[in-house]
Amino acid sequence: MPHEVQGVVSRAKGEPVTLETVVVPDPGPGEAVVSVKACGVCHTDMHYRDGGINDEYPFLLGHEAAGYVEQVGPGVTDLEPGDFVILNWRAVCGTCRACRRGKPWYCFSTHNASQPMTLADGTALSPALGIGAFLEKTLVHAGQCTKVDERAEPAVAGLLGCGVMAGIGAAINTGAVTRGDSVAVIGCGGVGDAAIAGARLAGASTIIALDVDDAKLEWATGFGATHTVNSRGKSQDEVIEAIQDHTGGFGADVVIDAVGRPETWKQAFYGRDLAGTVVLVGVPTPDMRLTDMPLIDFFSHGGSLKSAWYGDCLPSRDFPMLVDLYLQGRLPLDRFVTERIGADGVEDAFGKMHRGEVLRSVVEFP
1 MPHEVQGVVS RAKGEPVTLE TVVVPDPGPG EAVVSVKACG VCHTDMHYRD
51 GGINDEYPFL LGHEAAGYVE QVGPGVTDLE PGDFVILNWR AVCGTCRACR
101 RGKPWYCFST HNASQPMTLA DGTALSPALG IGAFLEKTLV HAGQCTKVDE
151 RAEPAVAGLL GCGVMAGIGA AINTGAVTRG DSVAVIGCGG VGDAAIAGAR
201 LAGASTIIAL DVDDAKLEWA TGFGATHTVN SRGKSQDEVI EAIQDHTGGF
251 GADVVIDAVG RPETWKQAFY GRDLAGTVVL VGVPTPDMRL TDMPLIDFFS
301 HGGSLKSAWY GDCLPSRDFP MLVDLYLQGR LPLDRFVTER IGADGVEDAF
351 GKMHRGEVLR SVVEFP
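Below you can see the structure in the form of structure tokens.
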């Protein structure tokens, strides 16, 4: 029997979100209904509200979530009611060309639930990243549910569903940071700090945090940064020199751009050592362009230029591992939770996030 719950909906571009009745159908073949216990407020949700993703309004926001499986549909064999899960937006298909090549973290045909969740009047909702979790129950494809140790608090575990995984994966998976490496991270919000935590976990010896906000640099130190640089007002050359100053004059082995702007990408490109790696994890807008980059520089600097898609993660592999590391006290995931709010506080949380006052506001459900 369908469930009627309260959910956070974005009806039009740039307008404040509203709390509305959402109808969640019983799960069909390959689907599951999850009782959501916590969901982080991510920049991506704000991008949906502001029309930065697409214009398929109304959106059902929320995607960085953890909770318990309540129902499963026909054909679901690897989940059962009561399982504690983190929701993911990379439910791999197993049959596309990436999956067949043994690289399912690049899956080009990920799964979502087939049935729509709707408003009370029957209007179909577009769930953020195929999830939609700012509500008490949500309908997802069973492959979007990753079972993890239920000793992890939902407000902490759910953050692996998007931003924290993106940052940790940018360092460990995409950047392949390893013992003794030097790493620079540009932008120390939630994703950047997660990249710092990932670099520390991987054994990097030097981790340089760069931001324009001293408060964020203080957060970065708590996640493992060994050096900090306030880049406010600094030229590109000055930023590059600051990175070189902490790396023996050479530049970092891996530079992670967690901002995603042309100027920060150039800082990352020139701030790495010869044959070093640049990882772009901050999401640019469609209008951004790189200009005045001599082609010879791409050749002469060598190395790798990479983009991190969801931290190149495989949820079934990475989520349980990272939760285990958290439970062992080796990964400080709880430090990302700045405040706990109700579903009626999401619009205010967007403002705090935009002003850089929080790492993560987390919506909790009873």
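In UniProt numbering, the protein residues as written are 1 to 366. The beta carbon of each residue, even a glycine, is placed where N, CA and C say it ideally should be. Just so we're clear, the structure is a prediction, and the values are computed from it rather than from any experiment.
Best match in 126, 121, 107 for proximity to residue 114 [C-alpha to C-alpha]:
126
Where residue 88 falls, given that 16 or more other Cβ within 10 Å makes a residue buried:
buried
Okay, do the stretch 163 to 180 and the stretch 143 to 152 touch, 3+ Cβ pairs below 8 Å being the bar?
no
Just curious, the alpha helix (DSSP H) that residue 96 is in, first and last residue?
No alpha helix (DSSP H) contains residue 96, which DSSP labels as neither H nor E.
Can you tell me the Cβ-Cβ gap for residue 191 and residue 167, rounded? I've got them flagged as a contact below 8 Å.
4 Å
Span separating the alpha-carbon of residue 53 from that of residue 81
33 Å
Classify residue 283 as helix, strand or coil using the three-state DSSP reduction.
coil
Beta strand (DSSP E) runs contained entirely in the stretch 15 to 90, provided each spans 3 or more residues:
18 to 24, 31 to 40, 64 to 72, 84 to 87
Sequence ranges, alpha helix (DSSP H) only - wholly within the stretch 133 to 190, length at least 4:
154 to 157, 163 to 169
Express the C-alpha separation of residue 317 and residue 262 in angstroms, rounding to a whole number.
33 Å
Short of 8 Å in beta carbon distance, which residues of its chain neighbour residue 364, apart from the five on each side in sequence? Order them along the chain.
37, 38, 154, 155, 340, 341, 342
Who are the near neighbours of residue 98 in its chain, counting only those whose CB is closer than 6 Å to its CB and skipping five residues on each side?
106, 107, 108
Mind pulling the alpha helix (DSSP H) runs of 4 or more residues that sit fully within the stretch 190 to 271?
190 to 202, 214 to 223, 236 to 245, 262 to 271
Got a sec, what are the start and stop residues for the alpha helix (DSSP H) residue 3 sits in?
Segment 3 to 10 is the beta strand (DSSP E) holding residue 3; no alpha helix (DSSP H) there.
Round the Cβ separation of residue 353 and residue 3 to the nearest angstrom and send it over; I've been treating them as touching at under 8 Å.
Their Cβ separation, rounded to whole angstroms, is 29 Å, which puts residue 353 and residue 3 out of contact at 8 Å.
C-beta atoms of residue 204 and residue 183 nearer than 8 Å
yes
With 16 as the cutoff for other CB atoms within 10 Å, does residue 336 come out buried or exposed?
buried
Is DSSP giving residue 357 helix, strand or coil here?
coil
Name, in chain order, the residues that DSSP records as bridge partners for residue 341.
363
What span of residues does the beta strand (DSSP E) with residue 305 cover, start to end?
304 to 307
Do residue 93 and residue 111 have their beta-carbon atoms positioned less than 8 Å apart in this structure?
yes
DSSP beta-bridge partners for residue 124?
118
Quick check on residue 331: does DSSP put it in helix, strand or coil?
coil
With 16 other Cβ atoms within 10 Å as the buried cut-off, status of residue 382
Nothing about residue 382 can be reported from this structure: the residues present for the chain run from 1 to 366 only.
Let me check understanding here. Comparing Cα to Cα, which of 244, 210, 303, 229 lies closest to residue 259?
210
DSSP on residue 273, reduced to helix/strand/coil?
strand
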